[in-house]
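If you read the sequence shown in our numbering, its first letter stands for residue 26, the second for the next number, and so on. Cβ atoms here follow ideal geometry from the backbone N, Cα and C, with glycine treated the same way. From a predicted model like this one, the values you see are computed outputs, not experimental measurements. What follows is one structure encoded as structure tokens, with my remarks underneath.
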Amino acid sequence: MSRRDLPFRAVFGAPLVIGGFSLAGLVGALLDDGVWDRLGTGLLAVSLAALVWALATRRR
Numbered sequence: 026m027s028r029r030d031l032p033f034r035a036v037f038g039a040p041l042v043i044g045g046f047s048l049a050g051l052v053g054a055l056l057d058d059g060v061w062d063r064l065g066t067g068l069l070a071v072s073l074a075a076l077v078w079a080l081a082t083r084r085r
């Protein structure tokens with residue numbers, strides 16, 4: 026498959042979802058203490074988990 030054959034969603038889908046989780050986590054952590062802080066931490070951890078997964082499964 027060449028680069029021209031990839032649709033927009035295949036190229037930018039995962040980064041947009043990860044960015045959305047990160048943004049929701051940052052906003053959630055700013056809203057209030059307690060549950061919102063834990064929710065924000067969890068949502069921000071999604072980007073770290075995606076990074077670890079990508080490094081573990083990358084092709085050489």
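DSSP-derived helix/strand/coil call for residue i
i: G59; result: coil
i: L41; result: helix
i: L31; result: coil
Buried versus exposed call for residue i [16 or more other C-beta atoms within 10 Å across all chains shown]
i: L68; result: buried
i: G65; result: buried
i: G44; result: exposed
i: G50; result: buried
Check whether residue i and residue j have beta carbons under 9 Å apart
i: W61; j: A70; result: no
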